[in-house]
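Asker: Going down the list, the protein sequences come from chains C and W.
Going by the numbering used here, the letters in the first sequence line up with residues 1 to 507, in that order.
Going by the numbering used here, the letters in the second sequence line up with residues 1 to 507, in that order.
We put the beta carbon where it would ideally sit given N, CA and C, even for glycine.
There are 2 protein chains.
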Amino acid sequence: MASSTLLWKRALPTTSRIVRMYSTFKPASPLTVHDINQHTIEAKYAVRGSIPIRADELQSLIDSHPTLHGLPFSKIINANIGNPQQLQQKPLTWYRQVLSILQYPELLDEVKFPADVVDRATTLLKHLGSVGAYSPSQGVPYIRNSVAQFISDRDGYDASPENIFLTGGASAAVTYLLQILSAGPNSGFLIPIPQYPLYTATIALNNAKPIGYFLNEDNHWSTDPNQIRQLIKTNKEQGVDIKALVVINPGNPTGSILSEQDIIELIDIAAEHGIVLISDEVYQENIFKGKFLSMKKVLCELKESHPHLYSNVQLASLHSTSKGVSGECGQRGGYMELIGFTQEVKSVVFKLASINLCSVVSGQALMELMINPPKPGQESYEQYHHETSAIHTDLETRASALYESFLEMEDISCNKPMGAMYLFPRLHFTEEHYPLLFKRARDQKQLPDDTYCIELLEHTGICCVPGNGFGQVEGTYHLRTTFLPPGTEWIEKWTAFHKAFIQKYKV
Amino acid sequence: MASSTLLWKRALPTTSRIVRMYSTFKPASPLTVHDINQHTIEAKYAVRGSIPIRADELQSLIDSHPTLHGLPFSKIINANIGNPQQLQQKPLTWYRQVLSILQYPELLDEVKFPADVVDRATTLLKHLGSVGAYSPSQGVPYIRNSVAQFISDRDGYDASPENIFLTGGASAAVTYLLQILSAGPNSGFLIPIPQYPLYTATIALNNAKPIGYFLNEDNHWSTDPNQIRQLIKTNKEQGVDIKALVVINPGNPTGSILSEQDIIELIDIAAEHGIVLISDEVYQENIFKGKFLSMKKVLCELKESHPHLYSNVQLASLHSTSKGVSGECGQRGGYMELIGFTQEVKSVVFKLASINLCSVVSGQALMELMINPPKPGQESYEQYHHETSAIHTDLETRASALYESFLEMEDISCNKPMGAMYLFPRLHFTEEHYPLLFKRARDQKQLPDDTYCIELLEHTGICCVPGNGFGQVEGTYHLRTTFLPPGTEWIEKWTAFHKAFIQKYKV
Chain C
1 MASSTLLWKR ALPTTSRIVR MYSTFKPASP LTVHDINQHT IEAKYAVRGS
51 IPIRADELQS LIDSHPTLHG LPFSKIINAN IGNPQQLQQK PLTWYRQVLS
101 ILQYPELLDE VKFPADVVDR ATTLLKHLGS VGAYSPSQGV PYIRNSVAQF
151 ISDRDGYDAS PENIFLTGGA SAAVTYLLQI LSAGPNSGFL IPIPQYPLYT
201 ATIALNNAKP IGYFLNEDNH WSTDPNQIRQ LIKTNKEQGV DIKALVVINP
251 GNPTGSILSE QDIIELIDIA AEHGIVLISD EVYQENIFKG KFLSMKKVLC
301 ELKESHPHLY SNVQLASLHS TSKGVSGECG QRGGYMELIG FTQEVKSVVF
351 KLASINLCSV VSGQALMELM INPPKPGQES YEQYHHETSA IHTDLETRAS
401 ALYESFLEME DISCNKPMGA MYLFPRLHFT EEHYPLLFKR ARDQKQLPDD
451 TYCIELLEHT GICCVPGNGF GQVEGTYHLR TTFLPPGTEW IEKWTAFHKA
501 FIQKYKV
Chain W
1 MASSTLLWKR ALPTTSRIVR MYSTFKPASP LTVHDINQHT IEAKYAVRGS
51 IPIRADELQS LIDSHPTLHG LPFSKIINAN IGNPQQLQQK PLTWYRQVLS
101 ILQYPELLDE VKFPADVVDR ATTLLKHLGS VGAYSPSQGV PYIRNSVAQF
151 ISDRDGYDAS PENIFLTGGA SAAVTYLLQI LSAGPNSGFL IPIPQYPLYT
201 ATIALNNAKP IGYFLNEDNH WSTDPNQIRQ LIKTNKEQGV DIKALVVINP
251 GNPTGSILSE QDIIELIDIA AEHGIVLISD EVYQENIFKG KFLSMKKVLC
301 ELKESHPHLY SNVQLASLHS TSKGVSGECG QRGGYMELIG FTQEVKSVVF
351 KLASINLCSV VSGQALMELM INPPKPGQES YEQYHHETSA IHTDLETRAS
401 ALYESFLEME DISCNKPMGA MYLFPRLHFT EEHYPLLFKR ARDQKQLPDD
451 TYCIELLEHT GICCVPGNGF GQVEGTYHLR TTFLPPGTEW IEKWTAFHKA
501 FIQKYKV
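Laid out in structure tokens, this is it:
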């Protein structure tokens, strides 16, 4: 290429480097995985692991050869991740009208938007300036005020905007918290099993120790405080410094909701042992059965009645715009509320947020729209109410349809969905009844739930995640599936696949 | 509160916990900073450090007492951070029209947008689905293709979309790279001094070792390859495993541009020692004097002429939507291109991106709009061209005005601005001539450049960052200021302050 030769000639007369060039140096080899941070290699994240990667490959094959792909299906059904808008859930008009104005305020002169849309956009613009400007690292103060108001209204107890950090989804909050709390390989984190693998992955990245406490599948995936206390005792004896107890409520992948009693027990444990509570409550709006109680509310009630016992409890509670009926995953909005942390520790959180400058400002605005929606009487209310009710009902219907199909399938059991976006059915496979499956899995260096999910994908295009990606009692096998894909055709395909699978492997 | 009492009564009969409650446990103390990850405490980030925090306090005071604040100024001038839209730079119409449609596609039926805006929005919607859906973790494939095309056109050498990762600003890319490359406290990172403190902060968070190489202030902040080779030798002898060499071009905070010869020397060093090059090129469009050459282009030229020497070089080059004439900081768009990395190492980067799910999708779209703007003849071209030229000229004018003012100020010297958004003038303070300043600084546990910046803030409302936040040769003092604030009034105030400061302290 001409420009290269030119460069070379230009470089020649001005440097002694060329002499070195021709006498040459011995070029070094590129890095291998042995040269890099081993904790980044150890971290596992099954939700986007090998099976979803294979699903992407299959989808690319279909896209590039729409008719000649030779596969027994014509599209991938992504049930591996809670991504509603990928699966045709329509965004809420209220959100998107305001966000379009924030992006292009000139629209206010060109389009007749509902009065409350105009009001909210104008107010937000006044406080943001521009969504293209960095906000304060902790988040736009006006929006942090709104979040504090939302929490106060939800719980009946005051919340302070000083304790609110706006984050890029809840994932960013988890990253900050686990990074700050990981003070070396002896730092322990109690996590539910099964869990959302963001936790084990982030614990691995921080070279800390995950301590799994098993949820009780036979009792709606409830927690067992005695088991947790025993784990604390054993681990303390082994020199582990337990930093935090992670709670996912409503449960991911389990779809369960914690009872008030379970929450009280968990707070007791935190109070007694000085363990930070991390309460991942991103599915708090996805409730189909029972009632969601925030950990903050229960903590405030306990503090009120027994201040001497509970005033030191440290709680980080997380929320997101990605789930609920919002489903705005790609917009990366979230918040965490930090309760009971010392000012010094909060300053460290603030510094980490500063190093990342700020979370995306349109995502911060979306959080405000989510927690502070149109009220009855306002112009957008009817449409907002209609759209959100339809989504909620739709999700509930899909959850039930899938749940009932699982009940019909041989050797599958499943807890009734209470919340979140997932079912976590158990596959009752045993070596005695499925010897060929176990042999095949061993030959492929898989577990039987891997084999099931791989065959499900290859035969039907349905992509879900094996239970071992979330953790499960040894010798039990599960899978996690969302119930987000529309229609029932995919469930029928699954049912047919399952029959054939049983026929192929069961003796 | 009534609800609390109710809860309490409900809880009473169902649990044995209450007995324990009244017999009580001893509540533990909350965490102190001694209990947490010490690396998070060590990390420093001056751009949003104590002086900017003080500036925020002053602004709050002004906001809450608009007339009675008692300060000698009526607003804060944020020259501490490159945040153009905070300082009244208007966003580009082309960007914002397309982004508004992506947020609310129904606008296409309601507003008559330019044809190329409609086309681009429609194409992006086809490939994104919705900005509310998670994208693939590496980024939307269509946009990665666009980025690869942009790089090919810029450099005259092919780029592959497989090597492109879309990230939440360039900061997220730095976080991934430094996390992956930090394999323990003996992992070394060569960073320029002065540097953008994201690097030292992230190195501290990863418990790795920063190795500063000094830029030569007397020669436009150029690099000295001999000094770098010497540092490699010394550090290798001490058992440090040098992982990467960070280059910021155009320079932050220096405002300089690297020469072709400097770039060749840096690539030689990387090739010989198997050191990853991290080339932070986020200011590549902010060029006022000289010519920006991407490290990728120079590497490709060297590879073409001497493949046996350069084919193993590993380069990560970073770009962002936050700077340039775009200035869309709050939208968090960015990309990194990884060249020469093994597939295995790239898989680890992919996994880290997966754990964070995806970067904000509207920010990904914005990257596409930035690198693939309207072309002559298209309907938006004239306006786009007019707006971008005006911003560029405006920045150049402001840079010159501020630079010339510094030249007039006693005991200040400054390199002529070539690129980026900053000036990094030197404050020629010595103990001999400024004994009171040095005494005062020592009494306050400050350095003289801290004292200068604090007094500048308290007297004028101008917020900039002391040179020690970026690193400087010991015994020299600097500050970093953006030239983004509009108008010249603030510069006049600065000039007056400086005169008074000299009068107060100089003997």
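Grouping DSSP H, G and I as helix and E and B as strand, with all else coil, what is G363/W?
Answerer: Reduced to three states, the DSSP call for G363/W is helix.
Asker: How is the alpha helix (DSSP H) around F350/C delimited, first residue to last?
Answerer: Residues Q343 to I355.
Asker: Quick one: using the 10 Å Cβ neighbour count with 16 as the cut-off for buried, is S23/C buried or exposed?
Answerer: Residue confidence for S23/C is low, a pLDDT of 48 falling below 50, so the modelled location carries little weight; the figure read from the coordinates is stated next. Classification for S23/C: exposed.
Asker: Got a sec: does the ligand NAD put a non-hydrogen atom nearer than 7 Å to the Cβ of F288/W?
Answerer: You won't find the ligand NAD in this model; it holds no ligand whatsoever.
Asker: Over what stretch of residues does the alpha helix (DSSP H) that includes T167/C continue unbroken?
Answerer: That residue, T167/C, is in no alpha helix (DSSP H); its beta strand (DSSP E) goes I164 to T167.
Asker: Give the straight-line distance between the Cα atoms of Q378/W and A115/W, rounded to the nearest whole angstrom.
Answerer: Approximately 8 Å between the Cα atoms of the pair.
Asker: Nearest chain W C-beta to R120/C closer than 8 Å, yes or no?
Answerer: So, not an interface residue.
Asker: When you compare each of I101/W, A183/W, R120/W and H127/W to Y142/W by their alpha carbons, which one comes out closest?
Answerer: With distances taken between Cα atoms, Y142/W lies closest to H127/W.
Asker: Give me the chain B residues within the contact set of S182/C, using Cβ-Cβ distance strictly less than 8 Å, ordered along the chain.
Answerer: As a matter of chain content, chain B is missing from the structure shown, whose protein chains are C and W.
Asker: Counting only beta-carbon atoms, is T482/W nearer than 8 Å to chain C?
Answerer: No, because no Cβ of chain C sits closer than 8 Å to the Cβ of T482/W.
Asker: Just to confirm, are N80/W and C463/W a CB contact at a threshold of 8 Å?
Answerer: In contact: N80/W and C463/W (Cβ atoms closer than 8 Å).
Asker: Give the list of continuous beta strand (DSSP E) stretches no shorter than 3 residues that lie fully inside the stretch 435-505 of chain C.
Answerer: With a minimum length of 3 residues, the continuous beta strand (DSSP E) runs that stay inside the stretch 435-505 of chain C are 477-482.
Asker: Are D154/C and S305/C closer than 8 Å when you measure CB to CB?
Answerer: Looking at the sequence shown, residue 154/C is not Asp but Arg. No.
Asker: What are the residues of the stretch 345-361 of chain C that lie near chain W, defined by any Cβ-Cβ distance shorter than 7 Å?
Answerer: Against chain W - using a Cβ distance shorter than 7 Å - the residues of the stretch 345-361 of chain C are V345, V348, K351, L352, S354, I355, N356, L357, C358, V360 and V361.
Asker: Are there 16 or more other CB atoms within 10 angstroms of the CB of L7/C, so buried, or fewer, so exposed?
Answerer: Reliability of the predicted coordinates at L7/C is poor, the pLDDT of 35 falling under 50, and the value obtained from them is presented with this limitation in mind. L7/C comes out buried.
Asker: Going by beta-carbon coordinates alone, are G334/C and A159/C separated by less than 8 Å?
Answerer: Contact flag unset, no.
Asker: Please list, in chain order, all residues of the same chain as N415/C whose beta carbon is under 6 Å from its beta carbon, the five residues on each side excluded.
Answerer: Cβ within range, chain order: H220.
Asker: Would you kindly report the start and end of the unbroken beta strand (DSSP E) that includes Y335/C?
Answerer: Element bounds for Y335/C: G334 to I339.
Asker: Examine the Cβ distances between the stretch 263-275 of chain W and the stretch 23-38 of chain C and report whether three or more of them are shorter than 8 Å.
Answerer: The stretch 263-275 of chain W vs the stretch 23-38 of chain C: in contact.
Asker: Alpha carbon to alpha carbon, how far is Y199/W from K243/W?
Answerer: In a straight line, the C-alpha of Y199/W is about 14 Å away from that of K243/W.
Asker: Buried or exposed for H34/C, please, with buried defined as at least 16 other CB atoms from any protein chain shown within 10 angstroms of its CB.
Answerer: The residue in question, H34/C, is exposed, as its Cβ has fewer than 16 Cβ neighbours within 10 Å.
Asker: Give me whichever residues DSSP pairs with L277/W in a beta bridge.
Answerer: DSSP output for L277/W lists L245/W and L315/W as bridge partner(s).
Asker: Taking C-beta pairs closer than 7 Å, name the residues in chain W that E455/C reaches, listed in chain order.
Answerer: Here the premise fails: no neighbours, minimum Cβ distance about 23 Å.
Asker: Among N216/C, G340/C, R229/C and I193/C, whose alpha-carbon lies nearest the alpha-carbon of L31/W?
Answerer: Ranking N216/C, G340/C, R229/C and I193/C by Cα distance to L31/W puts G340/C first.
Asker: Measuring only the C-alpha atoms, how far is A500/W from I51/W?
Answerer: Their backbone Cα atoms lie some 20 Å apart in a straight line.
Asker: So, do the stretch 317-328 of chain C and the stretch 341-357 of chain C have three or more beta carbon pairs nearer to each other than 8 Å?
Answerer: No contact exists between the stretch 317-328 of chain C and the stretch 341-357 of chain C.
Asker: Report yes or no: is there a C-beta of chain W within less than 8 Å of the C-beta of L407/C?
Answerer: Not closer than 8 Å to any Cβ of chain W, the Cβ of L407/C fails to qualify, so no.
Asker: Under 7 Å Cβ-Cβ, which residues of chain C neighbour T495/W?
Answerer: Under the 7 Å cutoff, chain C gives no residues; its nearest Cβ is about 27 Å from T495/W.
Asker: So the beta strand (DSSP E) P185/W belongs to, where does it begin and stop?
Answerer: Note, P185/W: premise wrong, no beta strand (DSSP E); not H, not E.
Asker: Could you give the DSSP three-state label for Y22/C: helix, strand or coil?
Answerer: Per-residue confidence for Y22/C stands at a pLDDT of 49, beneath the threshold of 50, marking its modelled position as unreliable; no derived number is given.
Asker: Give me the Cα-Cα distance between C567/W and D224/W, rounded to the nearest whole angstrom.
Answerer: Absent from the model: residue 567/W. The displayed extent of chain W is 1 to 507, so no value can be given.
Asker: Relative to chain C, which residues along the stretch 99-121 of chain W have a C-beta separation below 7 Å, given in chain order?
Answerer: For the stretch 99-121 of chain W, which is checked against every Cβ of chain C, the residues closer than 7 Å are L99, S100, Q103, Y104, L107, E110 and V111.
Asker: Comparing alpha-carbon positions, which option in I180/C, V465/C and K75/C lies nearest I41/W?
Answerer: Out of I180/C, V465/C and K75/C, I180/C has the C-alpha closest to the C-alpha of I41/W.
Asker: Does the stretch 104-118 of chain C come close enough to the stretch 364-384 of chain C that 3 or more CB-CB pairs lie under 8 Å?
Answerer: Judged by Cβ distances under 8 Å, the stretch 364-384 of chain C makes contact with the stretch 104-118 of chain C, as three or more pairs qualify.
Asker: Below 9 Å on C-beta distance, what does I81/C contact in chain W?
Answerer: Correct list: Y134 and L357.
Asker: Just the C-alpha distance for D443/W and T451/W, rounded to the nearest angstrom, thanks.
Answerer: If I take the Cα positions, the gap works out to 11 Å.
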